[in-house]
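To keep things clear, I will list the structure first and then write my remarks on it.
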């Protein structure tokens, strides 16, 4: 069930009009000269993401990976109903803190993005932005069936069906929805991946940047942001 | 006697002023002031008056040698002449002004000339 | 302008009553002198010797307080000039006024012709005899001007030459000032009458420059009054 | 007191000890909090891991020079504060650079890091950072006031501004501590301690979800690592001042560890049992309760 | 020497001669009048010179060859000669000025004018009361004629009203004369025996005489007729009416008061005061220029009448004082009326046309300064001596009221000047008549000449010979040069003066000299930015600097006060140059003048009327423990506090500093405020602590300082305008300095001194930086800026250094101030005010952060994208300041050590020990070098660490921020700047309530309301005016009667 089929892609030929505030405009500077503003170009860094090499010494990289594995900072961003299962993780019952897991409110300080359940196209845009703003190495965990194949929304016009078409998913946690225990188990597995140096989603994303972008743009019709959100 | 003249003079002044301050017609005001001026003149001469003495002219009636004892004070008389002439001058001037005012607006009411105020 | 007794009237009355209080104080405190004060006494004793004038008042006016008199003459000069200025701006075109009046009648015209020389003569007499008898330049001048008034009454349309009047006025004024200045040069000070000999006490040509000054004053006053009368006469409304 | 080169090594040692102490102590405090809440809590070495992780992050961004320098200011402020105050009383090694200035230097140097951080946060261009700074500065003006008054009170009490001399004056028994000789000043100072530790109820500055943690919103990787270092160092350095001024100082590292921990726990204890204040509420709180105590302190000295 | 009688003879002769001319010979009439007036003026002036230089003696001129009192005599003395000079010269100038109008009226008008001048001369010369009357009536009639010159149709009515009132005056005068004659047997003024104030006979006669003459002086409130004349007459005539007629009438009154004896003087004093205050108060509500000048004339004549009332105490100085005020007034008022003739509109704001001609504008300013008795004009010397005489005789209420009236007058005059300089020009420039312009210039020259003459006659030395002032005034002549040339000269002059004088100063004075003058030169570097000629800037600035230079040099109270006034005027004109500064400049000058008057009163009180008074003598007063000492202290302190803008007197400062030009703001903030501190310093150094009603006044000052520091800071954080923020911060900083000074201990003073230096540096720097930003962005509102750090990096650095220094954060120099502060309060007994200071410290941090954040950090605005760095010459002084701040931070001892020793000499202690690089006090120690090194080392190490770890950081753009997975669209909505400290406002916003502004606003509003209400007594009805005159007479009569009995 690919998202990119005829029935899903409606009306791609029509140019989607830019929002008012994103259209080029001109302002007058205090000294009288007129300055042309192109909001999409001028305000954002256009640099594409880089593939970051691993450390030269394997032992150093292993040490770093160990640290990364034991310091999973999740971006506090609930995309779907699965978010409700995330909260109990921090309660005394599950206490994910003991594994070095904690929530961060800003993508700059998070390195784990949990897509918690179905992801509407509208939210996808935000998820992409949030993901791209996280510093690498960064990890994506797809939570629940919806991120794997659309789940019960398999035929929805407005949700994506396969998360790894759009973001480099390191790990899916199946279930509808998965219990906190399953989440913990998933995080443990993620840790293992990280320790092994296999969780290089960020580099993968950078390497296949064009492919991901093409996929993303094919579903997000009002693509009104730079290609990479620094 | 002298007091009567002086009192009359003062009365004339007050009367003239009363007229000048209560009548809004410019001509009547002028008349009032003329009256008051006259009063002043009367007061002036009455001050120089000394009972039983003669006018200060040194003719046969008053020989030079006795002048000091026989004549009244000549100074107020000299002054009053000047005062009269000056009063006349001012009155003439006021009349001319009255004419000018009347020509300008066709009114002789002093209350009509109050554009300048505050 | 109502004749009603209003608050304004009452206020003015009150005000004048208070002013009257001051006057009353003056009046009540007034004690007439029994002897001449020192100024008057000086005049009584020295006028004859110093000025040669019989009429002490005239001596005071023309000599001792000559500066006042010069000022007085100037007041008239100014008034005449200003009345001309004030009225000059609303002057009627030449010949355009007075014509509305009816002729003043035979009686007045004839009377004028008869009286005028006498009036002029009398005026001159009063003016030049000021140092001897009551009278003087001012009185004489006024009499002269009354002659002029009579003329105007008799013939309202009549016009006199302003230039002549003005010349008379100015020349006599200048002469007066010149006499005053001569006093500085020749005698004891400004307007000292002793620039001319004092002459015989009681004679017409005595008392130094006093008769001369009074004659000038007479001319000047006459001219000034005439000038004022004429200015008034020449306005549009007359 | 004069300078010798060896002091550099001593100072480095102090910094090293205090950073490690801080890393562990804050983790322990968090663990205690977790235990109170029935959780197991983070491992005590979690702070080290986070630090390494942040340093090990590969991609970094910069918003500009001040953004870059912000954490530098911040950590310099923390280390400087630590080093301008003698850590261990009587120890030659841990006098640090106290010869450079007295208590006043320490008090004012507190603002150095704050200023730098605020500038850096400002250049990040994030409105939430600015809002956080606005709140933080607004709150600190009121919160620091009782401390300033308390410091004034005890400098009057001891007639000196030298921290060493103040500590010296408190030696010879627990009842020589300012805590007992001048309880009012101590109480006033405690208001400030609670108010400036960025813990509840005075932590609206970093309100994590409303204005994603306020000033450091844009900070990450090594920037964040520096700030984390400061986050463990600075409270300790500050607590050292409190310890020196009010609690008799420390004559060895063990005493240091205990006292700093105990004083630090005051703000933790207050924090865990109170909900959060809005900024104007906390300003009013300090003016209504902290200020009078402070004024009383300077009046009764 | 030609006898004075020829003045009268020439006047009369010319009058009659003109009568002889034909109507068409107007040119000849003009020539005759010109010759006559020229002759009269020549005689008068030659007499004046001869009498003043002592080559001639005063003498009587007798007429009719008879000695007075039997004949009229005239007197020619110094006063008469001076007055005659003024009258005849004014007449001559007016003749030239009015020539076209006189031509239109006819040849007689020339005669009238000449006779008027003659009569005025006669009024001055004559010694005979009846002769006085004659001349008086001549004046009345001539006035009645010349009123007609006006194009204004209403003038006729005004003339008539005038005649009506003159009738009443004439009546009173005649009755007075005749009864006076009756009482004394003489009409000569010299024979009038001094009378006690009695209300019978001679006394009452004298009263009538005096009151008639006073009514002729147009006393408030019996003066509606005069105002109408002033308003409607030809300006040339109004000039004559105000300058010559009033002057002559005043002298006539003076002659009689002199004769009437000391008993009557209070009458003159009281009526003069009523006139001075009343007329000036009503002037506030005036919008018509000529009527306003009329009010001012009446007020000024009232003032001279007050002086007449003080002739018993002024003694030899009487002529000097009265003449100074009277002559200056005559010249200035004539000049102003002549200017008004050149201005087509009658509203005050219509004077904006003067902007087309800088010379006229300068003349306007100079005339105002003359009227108000500001240095270096003659009125200033007179005012000074008057104040001293009044205090010497314990007539303090009189002094107070005179100063109050002067302040009100200053209010409307300076407001007017503000209109002229700032209001939109309502009409096209009409082109000024050359003769009118020339006549104004003559008046201007006359005013300056008088100033010189009075200075030459002053025991205190001539201000116009003071080198700094000459230097400053020279810039008037240099105005055509380009600005850069003038700037080089100005800088050279300032530095040269400092270099010249520095060796003679003690360390304290040296610091102030360096800050004010050398510092001024540094700020002037920024003025190289200006293009063109920059008219008016350099004279104003240099007068201010001259004032400052003289202030530091001042040895006596007079020198001090003169310098104080000079710097006030200079700075007023400087502030007024700002674009929106009109109301603020006005409130500045009013507070400053109010303060200056308090200082004047204080010095007068201190000296007890004895001059010259050396500033050191303040110490003697304090030591002697005279009961007057605390009052001297209070008055002087009040004056200085207005300059330092302490709370309560601070409302002028924010606007004045914020709206001034870019390079002016640092001058008035960084430098000018220090003048107030300097004054306080002198005061406290000499007088020490004073107690009033058991209250230690320095304790009060401490509180004021603390409150200023606190409230200034609180207000600053709520400002949106960057320059206003800095301005409020100045209030706060001056509060600190005041606090330190008032602590009255060694360290407190050192603290104040550090603030003097530091505040100069960082506030100048910040004002220049913000000015540079304003220069580029065109706005001062901070929320309209943002993100300028990359565009204006140098400016950012200077602001950064500035705010670090200012907030007292180590390692920069502000910390030194805080350190000294703590040591100072510890050695003081003050506890509670310290709390406020403690609060204001962190609050300062708030507004400073806001300043740097909202301008330089955050999101740059679209329209500022291509902004360039501030102009080079604005940056130069800033970088000098940056270097200085860092240098001063490391090596404060270079400056402070000597001053410390000096202050130690004063207190007799040694509060600080300077060993090596460490500064030790009784309580603590401070090693700036070590601090700098430690912090620098740590900073470098940490930075190196970060660079190592983050070397490959990606530079991103302004919207690359995390935004809750959204992204911002516009910088405007993303820059958190407006109402930056909203929570603070919620908590402490009540402190922002403008109580002080409301208080002063209430005072000015009620003054205006009173003025507007009271002036309705002038109904315009001639009859009412006549009644008012009578009411006035009767009322005075009754009051005096009540007083006597």
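Chains as they are written, first to last, in the UniProt record's numbering: chain A, 1 to 230; chain B, 1 to 118; chain C, 1 to 238; chain D, 1 to 301; chain E, 1 to 1045. Here a beta-carbon is modelled for each residue, glycine too, at the ideal position from N, C-alpha and C. The structure presented is a predicted model; accordingly, all values stated were derived computationally and were not measured.
- Task: Show which residues of chain A have a CB atom less than 7 Å away from the CB atom of residue 959 of chain E.
- Result: Indexing the fifth chain from 1 puts residue 959 of chain E at position 959. Under a criterion of Cβ atoms nearer than 7 Å, the residues of chain A adjacent to residue 959 of chain E are, in order, 43, 44.
- N- and C-terminal bounds of the alpha helix (DSSP H) containing residue 685 of chain E: Here residue 685 of chain E corresponds to residue number 685 of the fifth chain, with the count starting at 1. For residue 685 of chain E, the enclosing alpha helix (DSSP H) begins and ends at 673-687.
- For residue 289 of chain E versus residue 350 of chain E, is the C-beta distance shorter than 9 Å? Sequence index remark: in the fifth chain, residue 289 of chain E carries index 289 (1-based). Sequence index remark: in the fifth chain, residue 350 of chain E carries index 350 (1-based). With respect to the 9 Å criterion, residue 289 of chain E and residue 350 of chain E are classified as neighbours on the basis of their beta carbons.
- Under the rule that 16 or more other beta-carbon atoms within 10 Å means buried, what is residue 237 of chain A, buried or exposed? There is simply no residue 237 of chain A to check, as chain A begins at 1 and stops at 230 in what is shown.
- Message: For residue 57 of chain A, count the other beta carbons within 10 Å of its own beta carbon; 16 or more makes it buried, fewer makes it exposed. Which is it?
- Response: For the purposes of this step, residue 57 of chain A is identified with residue 57 of the first chain, where counting begins at 1. Under the 10 Å beta carbon count, residue 57 of chain A is surrounded by fewer than 16 other beta carbons and is classified as exposed.
- Message: Quick check on the DSSP output: what are the complete alpha helix (DSSP H) runs of length 4 or more inside the stretch 185-256 of chain E, in order along the chain?
- Response: Every alpha helix (DSSP H) of 4 residues or more that sits fully in the stretch 185-256 of chain E is shown, in chain order, as 201-216, 224-232, 235-240.
- Message: Can you give me the C-alpha to C-alpha distance between residue 33 of chain B and residue 159 of chain C, rounded to a whole angstrom?
- Response: For the purposes of this step, residue 33 of chain B is identified with residue 33 of the second chain, where counting begins at 1. For the purposes of this step, residue 159 of chain C is identified with residue 159 of the third chain, where counting begins at 1. Put simply, the backbone Cα of residue 33 of chain B is about 32 Å away from that of residue 159 of chain C.
- Taking buried to mean at least 16 other C-beta atoms within 10 Å of its own C-beta, is residue 292 of chain D buried or exposed? Numbered from its first residue, the fourth chain carries residue 292 of chain D at position 292. So residue 292 of chain D ends up on the exposed side.
- Out of curiosity, what's the CA-to-CA distance linking residue 192 of chain D and residue 103 of chain D? The sequence position of residue 192 of chain D within the fourth chain is 192, counting from 1. The sequence position of residue 103 of chain D within the fourth chain is 103, counting from 1. Each residue's Cα considered, the two are about 16 Å apart.
- Item | Residues that DSSP places opposite residue 141 of chain A in a beta bridge | Here residue 141 of chain A refers to the residue found at position 141 when the first chain is read from its first residue. Residue 141 of chain A has A/114, A/171 as its beta-bridge partners, per DSSP.
- Counting pairs of beta carbons, one from the stretch 244-252 of chain D and one from the stretch 80-97 of chain D, are three or more of them closer than 8 Å? The stretch 244-252 of chain D is in contact with the stretch 80-97 of chain D.
- Query: Three-state secondary structure (DSSP) at residue 966 of chain E?
  - Reply: Residue numbering aside, residue 966 of chain E sits at position 966 when the fifth chain is read from its first letter. Residue 966 of chain E sits in a strand when the DSSP states are folded into three classes.
- Query: Is the shortest distance between the beta-carbon of residue 95 of chain C and the beta-carbons of chain E less than 9 Å?
  - Reply: Here residue 95 of chain C is taken as the residue at index 95 of the third chain, counted from 1. Note that residue 95 of chain C scores 49 on pLDDT, short of 50, meaning its location in the model is unreliable; the coordinates nonetheless yield the value given after this. Not an interface residue.
- Mind checking which residues open and close the beta strand (DSSP E) that includes residue 73 of chain E? The sequence position of residue 73 of chain E within the fifth chain is 73, counting from 1. Taken as a continuous stretch (DSSP letters only), the beta strand (DSSP E) holding residue 73 of chain E covers 73-76.
- Answer with yes or no whether the minimum CB distance from residue 122 of chain E to chain C is below 9 Å. Working through the fifth chain from its first residue, we reach residue 122 of chain E at position 122. Residue-level contact by beta carbon holds for residue 122 of chain E and chain C, with a gap shorter than 9 Å.
- Query: Would you call the stretch 125-140 of chain C and the stretch 204-220 of chain C touching, i.e. three or more CB-CB distances under 8 Å?
  - Reply: Yes: at least three Cβ pairs fall under 8 Å.
- Task: Give, in chain order, every unbroken run of the alpha helix (DSSP H) that is at least 4 residues long and sits entirely within the stretch 199-263 of chain D.
- Result: Taking only runs of at least 4 residues, the alpha helix (DSSP H) segments lying wholly in the stretch 199-263 of chain D are 221-246.
- DSSP puts residue 128 of chain E in a beta bridge; with which residues? Position 128 of the fifth chain, counted from the start, is the residue given in the question as residue 128 of chain E. Residue 128 of chain E is bridged to E/188.
- Item | Rounded straight-line distance, which links the Cα of residue 90 of chain A to that of residue 199 of chain A | As a first step, residue 199 of chain A is located in the first chain; it is residue number 199 there, counting from the start. As a first step, residue 90 of chain A is located in the first chain; it is residue number 90 there, counting from the start. Roughly 24 Å separates the two Cα atoms.
- Message: Tell me which residues share the same chain as residue 327 of chain E and place their Cβ nearer than 7 Å to its Cβ, disregarding the 5 neighbours each side in the sequence.
- Response: Sequence index remark: in the fifth chain, residue 327 of chain E carries index 327 (1-based). Taking C-beta separations shorter than 7 Å and ignoring five residues to either side along the sequence, the partners of residue 327 of chain E in its chain run 82, 86, 378, 450, following chain order.
- Query: Could one say the Cβ of residue 15 of chain C lies closer than 9 Å to chain E's Cβ atoms, at least one of them?
  - Reply: Here residue 15 of chain C is taken as the residue at index 15 of the third chain, counted from 1. So yes, residue 15 of chain C belongs to the interface.
- Item | Backbone secondary structure at residue 108 of chain B - three-state DSSP | Indexing the second chain from 1 puts residue 108 of chain B at position 108. Coil, per DSSP.
- Message: Does chain E have any CB closer than 9 Å to the CB of residue 181 of chain C?
- Response: Residue 181 of chain C sits at position 181 when you count from the first residue of the third chain. At least one CB of chain E lies nearer than 9 Å to the CB of residue 181 of chain C.
- Message: In this structure, how does DSSP classify residue 915 of chain E when only helix, strand and coil are distinguished?
- Response: Within the fifth chain, the letter at position 915 stands for residue 915 of chain E. Three-state DSSP puts residue 915 of chain E in a strand.
- Tell me the start and end of each unbroken alpha helix (DSSP H) in the stretch 369-429 of chain E that is at least 4 residues and wholly inside, in chain order. DSSP runs (the alpha helix (DSSP H)) wholly in the stretch 369-429 of chain E: 378-392, 396-422.
- Query: Exposed or buried, what is residue 34 of chain C when buried is set at 16 or more other beta-carbons lying within 10 Å of its beta-carbon?
  - Reply: Residue 34 of chain C sits at position 34 when you count from the first residue of the third chain. By the neighbour-count definition (other C-beta atoms within 10 Å, threshold 16), residue 34 of chain C is an exposed residue.
- Query: Considering only the beta carbon of each residue, do residue 975 of chain E and residue 118 of chain D sit closer than 9 Å?
  - Reply: Taking the first residue of the fifth chain as 1, we reach residue 975 of chain E at position 975. Taking the first residue of the fourth chain as 1, we reach residue 118 of chain D at position 118. No, Cβ-Cβ distance for residue 975 of chain E and residue 118 of chain D is not below 9 Å.
- Item | Contact list for residue 19 of chain C against chain B, beta-carbon separation under 9 Å | If you number the third chain from 1, residue 19 of chain C lands on position 19. Correct list: 13, 14, 17.
- Item | N- and C-terminal bounds of the alpha helix (DSSP H) containing residue 497 of chain E | Against the fifth chain, residue 497 of chain E aligns to sequence position 497. Looking at the DSSP string, the run of the alpha helix (DSSP H) that includes residue 497 of chain E is 483-501.
- Select from the stretch 109-120 of chain D all residues with a C-beta closer than 7 Å to any C-beta belonging to chain E, and list them in chain order. Taking 7 Å as the Cβ-Cβ cut-off against chain E, the residues of the stretch 109-120 of chain D that qualify are 109, 111, 112, 115, 118, 119.
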